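Number of protein chains: 2
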Amino acid sequence: MHLGRLNHVGVATPSITDAIPYWRDVMGATGIGEPFDLPAQGVKVCFVDTPNTQIELIEPLGPESPIAAFLQKNPAGGQHHLCYEVPDIAEAKAWFEEQGARLLGEPRIGAHGTPIFFVHPRDMGGVLTEIMESPRGGH
Amino acid sequence: MHLGRLNHVGVATPSITDAIPYWRDVMGATGIGEPFDLPAQGVKVCFVDTPNTQIELIEPLGPESPIAAFLQKNPAGGQHHLCYEVPDIAEAKAWFEEQGARLLGEPRIGAHGTPIFFVHPRDMGGVLTEIMESPRGGH
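Here the protein sequences line up with chains A and B, keeping their order.
Residue numbers in the first sequence follow UniProt numbering, run continuously in steps of one, and reach 139 at the last position.
Residue numbers in the second sequence follow UniProt numbering, run continuously in steps of one, and reach 139 at the last position.
If you want it as structure tokens, here you go:
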């Protein structure tokens, strides 16, 4: 496997509504997408464009959200995961399993509409790692 | 100010020597720089290239290192900071100070040989944020 593009950095936030003025007015982001719910992941999502990658703001959809515990520990929010692109999700799954890495569930459709899976931070140098099939047609 | 390139994601690690085989053999990185000491920051540093940005592996140079406390809380390592590029560090400093953001010290020379400063995570949505003057001649 070859290390692919860093598709995005996942940043947890208690409120996307409150985070948007920070990204627009302090950081100077001009490409801020419309927030949308991703019920299968238990999060609301909003992408902020940088010139070379994206920040994925994620907010819990409810107390059962997988990021609720993270926000209890980090009430102001913080860096949550890194997402790398791969050409083929099935090949990537087989690859990481061969390396003995623990996948967190089966591949499913992610925020960009392509299949993704997460790998346990214990096997990724402490970093929760998302692996995402590249969108067709590239970038 | 306009949001600049994500120059790198800083990832703390207890051992760059131990992290390199993971990046090379599991993640498939082909561009892994030579580790070097950055005594002014109290860290050893190693850059790993992705197609669109870099991962900056950082290891404490000693118990007084600013990342020693982070590694006590996260012994396996983990995401430590995000670094964005700006065209002019003095303008960026004035900008963030106008926004009421707390800078962590004065600008100093960073791992890429250009001036950098850090902004307190409390003013950056919980994310320790490095602001870096772009290298001359671009990328």
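For each residue, glycine too, the CB sits at the ideal point set by N, CA and C.
Just so we're clear, the structure is a prediction, and the values are computed from it rather than from any experiment.
Reference residue i; option with closest CA among the options
i                     : options                              : result
Asp37 (chain B)       : B:Ile58, B:Pro51, B:Ala29, B:Pro21   : B:Ile58
Leu128 (chain A)      : B:Val9, B:Gly78, B:Pro39             : B:Gly78
Asp123 (chain B)      : B:Glu98, B:Pro51, B:Phe70, B:Gln72   : B:Glu98
Arg102 (chain B)      : B:Phe117, B:Gly10, B:Leu71           : B:Phe117
residue 149 (chain A) : A:Gln72, A:Ile109, A:Arg24, A:Val11  : For residue 149 (chain A) there is no data in the structure shown, the boundaries of chain A being 1 and 139.
Val43 (chain A)       : A:Tyr22, A:Val119, A:Ala69, A:Pro121 : A:Ala69
Ile110 (chain B)      : B:His120, B:Val26, B:Cys83, B:Leu71  : In the sequence as presented, Ile is not what sits at residue 110 (chain B); that position holds Gly. Selected option, being the one with the closest Cα: B:Cys83.
Pro107 (chain A)      : A:Pro121, A:Pro21, A:Asp88, A:Gly100 : A:Asp88
His80 (chain B)       : A:Gly125, A:Leu71, A:Val119, A:Asp25 : A:Gly125
Cβ separation of residue i and residue j, assumed to be a contact under 8 Å, to the nearest whole Å
i               : j                : result
Ile67 (chain A) : Cys46 (chain A)  : Rounded, the Cβ-Cβ distance is 14 Å, inconsistent with contact.
Asp49 (chain B) : Gly28 (chain B)  : Contact doesn't hold; Cβ gap of about 12 Å is too wide.
Pro63 (chain B) : Pro14 (chain B)  : Contact flag wrong, Cβ pair sits at about 13 Å.
Asn52 (chain B) : Thr114 (chain A) : Not really, about 17 Å apart at Cβ, beyond 8 Å.
Chain-order list of residues whose beta-carbon lies under 8 Å from that of residue i (same chain, five-residue window excluded)
i                : result
Pro39 (chain A)  : Leu61
His112 (chain A) : Asn7, Met132, Pro135
Coarse secondary structure for residue i, derived from DSSP in three states
i                : result
Asp18 (chain B)  : helix
Pro39 (chain A)  : coil
Ile55 (chain B)  : strand
Pro121 (chain B) : helix
Leu82 (chain B)  : strand
Leu6 (chain A)   : strand
Asp88 (chain B)  : coil
Leu71 (chain B)  : helix
Glu97 (chain A)  : helix
Residues near residue i by beta carbon distance below 6 Å, same chain, minus five either side
i               : result
Met1 (chain A)  : Trp95
Ala92 (chain B) : Val86, Ile131
Cys35 (chain B) : It is worth fixing the name first, because residue 35 (chain B) is Pro in this sequence and not Cys. Hits under 6 Å: Ile16, Lys44, Cys46.
Spatial neighbours of residue i in its chain, beta-carbon cut-off 7 Å, leaving aside the 5 residues before and after
i               : result
Glu85 (chain A) : Gly4, Arg5, Asn7, Met132, Ser134
Leu65 (chain A) : This sequence places Ser at residue 65 (chain A); Leu is not what is there. Only Gly42, Val43 meet the Cβ criterion.
Task: Interfacial residues, the region 30-46 of chain B to chain A, with Cβ spacing under 8 Å - done: Thr30
Open item on the list: If the cut-off is 8 Å on Cβ atoms, which residues from the region 3-23 of chain B count as contacting chain A, listed in chain order?
Closed with: Leu3, Gly4, Arg5, Leu6, Val9, Val11, Ala12, Thr13, Ala19, Tyr22, Trp23
- [ ] Below 9 Å between beta carbons is the criterion; list the residues of the region 72-96 of chain B that meet it against any residue of chain A, in chain order.
- [x] Asn74, Pro75, Ala76, Gly77, Gly78, Gln79, His80, His81, Leu82, Tyr84, Glu85, Trp95, Phe96
TODO: Compile a chain-ordered list of the residues in the region 102-125 of chain A whose CB is closer than 9 Å to at least one CB of chain B.
DONE: Pro121, Arg122, Asp123, Met124, Gly125
TODO: Determine which residues of the region 48-64 of chain B have a Cβ less than 7 Å from any Cβ of chain A, and write them out in chain order.
DONE: Thr50, Pro51, Asn52, Thr53
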